[in-house]
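Taking the working numbering, the leading residue of the sequence shown gets 300, the next gets one more, and so forth.
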Amino acid sequence: MKIALMGQPNSGKSTIFNDVAGYKAVTSNFPGKTVEYTLTKFNLFGQTIELVDLPGTYSLTSFDLAELEARKYLLKGNVDVVINVIDASLLGRSLELTLQLLELKLPMVICLNMIDEAERKGIKIDIEKLSKILGVPVVPAIALKGKGVKELFSVAYKIGEEKRIGKTLNFSKDVEEVIDQLSAQIKEKQITQEFNVPIRFLTLKYLENDSYFMENFKNTEKDIFGKINYFQNLLREIHGRPPDVVISSERHHLSMNIYESVVLLTRPHTSLIDNLDNIFMHPIFGYVFLVLILYLFFNLVFTVGKMVEEPLLDYFYRIIPLIERGIDSETLLFSVISGIIQGLAAGIAIVLPYLFPFLFGLAILEDLGYLPRIAFLLDAFFHKIGLHGKAIIPFMLGYGCTVPAIMATRILESERDRFITSVLATMIPCAARMTIIFALVAFYISPQAALAVYILNIIVIIISGRILSRLLPEITPGMILEIPSYHTPALKVVLAKTWLRMKDFIFVAWPLLIIGSTILSLLQYYKADMLINNFFSPLTS
Numbered sequence: 300m301k302i303a304l305m306g307q308p309n310s311g312k313s314t315i316f317n318d319v320a321g322y323k324a325v326t327s328n329f330p331g332k333t334v335e336y337t338l339t340k341f342n343l344f345g346q347t348i349e350l351v352d353l354p355g356t357y358s359l360t361s362f363d364l365a366e367l368e369a370r371k372y373l374l375k376g377n378v379d380v381v382i383n384v385i386d387a388s389l390l391g392r393s394l395e396l397t398l399q400l401l402e403l404k405l406p407m408v409i410c411l412n413m414i415d416e417a418e419r420k421g422i423k424i425d426i427e428k429l430s431k432i433l434g435v436p437v438v439p440a441i442a443l444k445g446k447g448v449k450e451l452f453s454v455a456y457k458i459g460e461e462k463r464i465g466k467t468l469n470f471s472k473d474v475e476e477v478i479d480q481l482s483a484q485i486k487e488k489q490i491t492q493e494f495n496v497p498i499r500f501l502t503l504k505y506l507e508n509d510s511y512f513m514e515n516f517k518n519t520e521k522d523i524f525g526k527i528n529y530f531q532n533l534l535r536e537i538h539g540r541p542p543d544v545v546i547s548s549e550r551h552h553l554s555m556n557i558y559e560s561v562v563l564l565t566r567p568h569t570s571l572i573d574n575l576d577n578i579f580m581h582p583i584f585g586y587v588f589l590v591l592i593l594y595l596f597f598n599l600v601f602t603v604g605k606m607v608e609e610p611l612l613d614y615f616y617r618i619i620p621l622i623e624r625g626i627d628s629e630t631l632l633f634s635v636i637s638g639i640i641q642g643l644a645a646g647i648a649i650v651l652p653y654l655f656p657f658l659f660g661l662a663i664l665e666d667l668g669y670l671p672r673i674a675f676l677l678d679a680f681f682h683k684i685g686l687h688g689k690a691i692i693p694f695m696l697g698y699g700c701t702v703p704a705i706m707a708t709r710i711l712e713s714e715r716d717r718f719i720t721s722v723l724a725t726m727i728p729c730a731a732r733m734t735i736i737f738a739l740v741a742f743y744i745s746p747q748a749a750l751a752v753y754i755l756n757i758i759v760i761i762i763s764g765r766i767l768s769r770l771l772p773e774i775t776p777g778m779i780l781e782i783p784s785y786h787t788p789a790l791k792v793v794l795a796k797t798w799l800r801m802k803d804f805i806f807v808a809w810p811l812l813i814i815g816s817t818i819l820s821l822l823q824y825y826k827a828d829m830l831i832n833n834f835f836s837p838l839t840s
């Protein structure tokens with residue numbers, strides 16, 4: 300059985316996924332795309348369940364690459380059950396995606412996540428009534444604490460076995476008449492067979508002028524295009540707005556009606572946390588706290604790294620003399636073994652002591668909800684180099700390891716932004732390089748010189764970003780970024796995120812490090828390193 304997690308960004312999908320997957324998750328790409336999804340397998344009632352965590356999406360009608368690929372997966376991924384994860388504190392807005400998922404006529408369960416946060420905000424939801432209106436089970440959960448997750452998958456398994464479909468809720472009468480008339484034309488032409496989607500869903504996509512369905516339509520059934528255009532114009536004339544706006548407004552109106560019928564608003568429980576943004580998002584003090592938090596963050600990373608690095612390096616230094624007792628140091632075998640050990644030492648004793656605490660701390664900042672706030676604060680700065688504030692996440696990952704930094708550029712919307720950020724991320728000194736900069740430069744010259752090198756690196760990145768933005772001009776719309784509520788990080792989730800990001804270094808970069816170290820050792824054995832050094836000496840001297 301294949302279960303897909305679908306929901307809006309920051310709804311807690313990944314938290315639910317990590318609760319089930321633990322450390323067994325595999326990250327994959329959509330075919331031919333740089334957008335990734337995460338999957339895992341686990342046993343439930345004696346059956347193997349394949350769980351897929353799709354990218355967060357606000358709508359099934361979208362121009363965002365990640366959201367389009369998530370929709371394609373639902374349409375063509377042979378999904379048995381959809382778990383629609385909803386932030387209970389944002390129920391009204393979240394139901395708009397739920398209504399679109401119901402139009403797909405797939406077995407579905409709603410996970411009402413963060414139910415505690417909703418109650419704290421004074422939002423009491425009649426779960427039974429909501430389930431009755433939508434025709435699908437609704438399971439309350441607090442994913443960060445693991446509450447309700449087992450029940451959620453038990454219900455999802457049952458719904459998948461029964462293949463139970465939810466209700467399709469109707470819009471206003473005049474819109475439904477247009478939908479019915481166009482649906483009859485589509486059914487007559489048997490267009491749904493090509494897309495393998497319900498007639499109503501396809502009809503709505505045509506009325507919304509959805510580019511994916513319209514382009515495929517133009518290649519097959521050109522004779523009906525005039526009729527689609529007619530019904531689009533009919534909606535435009537009746538409502539005085541574009542047809543896609545009409546459909547979107549109908550969904551919004553329906554969502555708010557459902558929200559008002561199932562929600563009882565009470566007095567919210569306020570706390571000091573609710574006032575944190577008055578400081579952290581302040582136009583002046585926000586930047587002061589940003590600098591302070593980043594200083595403490597990096598200082599802690601390098602303090603922990605240095606404590607762990609020295610004893611580990613001492614251990615590897617003692618291994619080489621032990622090997623020399625059994626193998627002649629002048630032999631080829633010794634050079635190969637020495638190169639492998641040095642590569643292992645570079646990963647275990649140099650990179651990992653800095654990379655693990657960095658990624659662990661970054662996961663804490665992310666789960667706290669502070670990373671989106673950093674993106675908001677730095678959006679104006681990144682606009683000066685032709686990017687958005689969301690680029691801060693790959694940039695921060697770059698200070699840990701370049702590999703996960705480049706992987707993280709997938710969160711950016713355009714190919715151009717992903718390319719520029721990837722190039723700039725390679726210029727950011729990772730944990731290992733920063734260690735060398737601060738240790739060697741500070742020791743041989745001065746700590747001020749080490750800081751100057753670091754500042755110079757930032758200046759080079761800014762200049763390079765400006766040049767690349769000029770070479771690749773693109774009209775960049777303003778960034779709309781959702782700022783989530785503050786949450787207490789769960790250790791299990793933080794460790795799972797740390798492992799998922801650290802895997803990129805362990806399985807991609809570290810083997811290359813070992814191979815490179817071995818090749819370097821072989822070059823030294825055959826005295827070829829001197830030839831290379833002499834050849835490049837005009838550039839390095």
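From the three backbone atoms N, C-alpha and C, an ideal C-beta is built for every residue, glycine too.
Please read all numbers here as calculations on a predicted model, not as lab measurements.
Report all residues from its chain with a CB closer than 8 angstroms to the CB of residue i; omit the five preceding and five following residues, and keep chain order.
i    : result
F494 : L374, L501, F512, N515
Q823 : S634
S327 : With a pLDDT of 46 at S327, under the threshold of 50, the modelled position of that residue is not reliable, and no figure is offered here.
I622 : F633, I636, S637, I640
Can you tell me where the alpha helix (DSSP H) holding residue i begins and where it ends?
i    : result
M706 : 701-706
K404 : Counting along the chain, K404 falls outside any alpha helix (DSSP H), and DSSP gives it neither H nor E.
L374 : 364-375
P610 : 584-625
K316 : The amino acid occupying residue 316 in the given sequence is Phe; Lys does not appear at that position. Counting along the chain, the alpha helix (DSSP H) containing F316 begins and ends at 312-320.
L767 : 746-770
D573 : Unbroken run through D573: none, as it is neither H nor E.
T797 : 790-803
Given a cut-off of 7 angstroms on the beta-carbon distance, is the pair residue i and residue j in contact?
i    : j    : result
M305 : L353 : yes
N412 : A795 : no
P541 : K420 : no
V793 : T314 : no
T720 : T708 : yes
V384 : G311 : yes
D379 : K301 : yes
H552 : V545 : no
T356 : E507 : no
D666 : P788 : yes
A365 : A387 : no
L711 : A704 : no
A748 : V740 : yes
P652 : V607 : yes
I572 : Y785 : yes
I478 : Y505 : no
Beta-carbon within less than 6 angstroms of residue i's beta-carbon, same chain only, minus the 5 sequence neighbours each way: which residues are those?
i    : result
Y669 : none
F835 : none
V603 : P656
R370 : L359
L771 : R715
Could you tell me which of the options sits nearest to residue i, measuring between CA atoms?
i    : options                : result
P436 : E475, K683, V454, H786 : V454
F470 : V438, L534, P788       : L534
I649 : I557, G699, Y529       : G699
I557 : G688, L394, G311, I478 : L394
K802 : L821, F655, I762       : F655
L658 : A644, D627, F596       : F596
A674 : G585, A751, D613       : G585
L811 : I578, G642, H682       : G642
I464 : L433, D573, E476, A483 : L433
S846 : L750, L723, V752, Y785 : Not covered by the structure: residue 846. The range shown for the chain is 300 to 840.
M580 : N532, I523, D678       : D678
I348 : V381, K431, P671       : V381
D543 : V474, L611, P497, T569 : V474
N309 : I813, E781, P439       : E781
L390 : L429, L367, P406       : L429
K404 : Q480, F601, F804, G459 : G459
Since residue i is in the beta strand (DSSP E), which residue starts that stretch and which ends it?
i    : result
Q823 : Careful: Q823 lies outside any beta strand (DSSP E), inside the alpha helix (DSSP H) at 809-824.
I385 : 380-386
G306 : 301-306
L350 : 346-352
I422 : 422-424
V545 : Note, V545: premise wrong, no beta strand (DSSP E); alpha helix (DSSP H) at 542-561.
Between residue i and the rest of its own chain, which residues show a CB-CB distance below 7 angstroms, the 5 nearest in sequence each way excluded?
i    : result
F615 : I640, A644, A648
L631 : Y824
Just list the alpha helix (DSSP H) runs in the region 471-516, keeping only unbroken ones of 4 residues or longer that don't cross its boundaries, in chain order.
-> 472-488, 491-494, 498-506
Mind listing, in chain order, the continuous alpha helix (DSSP H) runs of no fewer than 4 residues lying wholly within the region 633-719?
-> 651-667, 670-676, 678-682, 691-697, 701-706
Pick out the complete alpha helix (DSSP H) segments inside the region 440-466, 4 residues or longer, and give them in chain order.
-> 448-461
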